[in-house]
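Colleague:
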């Protein structure tokens, strides 16, 4: 049985899947398929394409009937969440009042879910806001081009937005931690339900082998 493994080009993914890519799963070869995490979310939700896949936790919440969550490879953390940024410096209160167009790194991402939860928590009518999906690495250039006034950034963009003259409005991860006391649920690894049960421990152990 050949297993498709959908992963993002994020260094975390390439690291944790090294063992599976080299050794396979209990004698079954693994074929790596690289895609942005939102594309992987979409493929899972719309067609359950990959046997093993990286997903946003927000997407996994929609997929309990088609995928199962693995016990290894998930990314939950503190101080590492998405950040709402703007072209012009302003307070969070001012931003919530002015917000009309927001660039997001994907409809099914945890970043988008946190953004909606944050706005709902502050009584903002999200129906007046246009949320525009853009690949995560295109959000900063799009803001600087005037495509929107706000964007939600993830990954390495969290560390580089100031270099592009942009300003932080709200650390959505910090808001989540303060509101819930819980770590931020970012990404997870899931296996399609038709993957034989006896292969699940081998997949999880393969991920552990890369981490140890």
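Numbering (this note's numbering), first residue to last: 6 to 217. Idealized CB from N, CA, C, for every residue including glycine.
With distances taken Cα to Cα, identify the nearest neighbour of residue 192 among 79, 54, 210.
Modeller: Selected option, being the one with the closest Cα: 79.
Colleague: Would residue 31 and residue 204 be called neighbours here (beta carbons separated by less than 8 Å)?
Modeller: It is a contact, given that the beta carbons lie within the stated cut-off.
Colleague: Between the region 28-43 and the region 66-73, do three or more beta carbon pairs fall short of 8 Å?
Modeller: Contact between the region 28-43 and the region 66-73 is absent, because fewer than three Cβ pairs lie under 8 Å.
Colleague: Less than 8 Å between the C-beta atoms of residue 108 and residue 147, yes or no?
Modeller: Yes, these two residues count as a Cβ contact at 8 Å.
Colleague: Using three-state DSSP, classify residue 58 as helix, strand or coil.
Modeller: DSSP places residue 58 in strand when its eight states are reduced to three.
Colleague: Does the CB of residue 148 have a neighbour CB from chain D at under 8 Å?
Modeller: Considering every chain present, this structure includes no chain D. It has just one protein chain.
Colleague: So if DSSP puts residue 33 in a beta bridge, which residue, or which two residues, is it bridged to?
Modeller: The partner list for residue 33 (beta bridge, DSSP) reads 30.
Colleague: Just to confirm my understanding: we take residue 139, look at its own chain, exclude 5 residues before and 5 after, and list those with CB closer than 6 Å. What are they?
Modeller: 108, 147, listed in sequence order.
Colleague: Report the start-end ranges of each alpha helix (DSSP H) in the region 81-123 that is 4 residues or longer and not cut off at the edges.
Modeller: Correct list: 97-103.
Colleague: Skipping 5 residues on each side, what residues in its chain have a beta carbon closer than 8 Å to that of residue 134?
Modeller: So the list reads 104, 105, 106, 107, 124, once near-sequence residues are dropped.
Colleague: Could you tell me which of 117, 110, 33 sits nearest to residue 211, measuring between CA atoms?
Modeller: Nearest option by C-alpha distance: 33.
Colleague: On the DSSP bridge list, what partners appear for residue 4?
Modeller: Absent from the model: residue 4. The displayed extent of the chain is 6 to 217, so no value can be given.
Colleague: If you reduce the DSSP assignment to three classes, tell me which class residue 140 lands in.
Modeller: Three-state DSSP puts residue 140 in coil, outside helix and strand.
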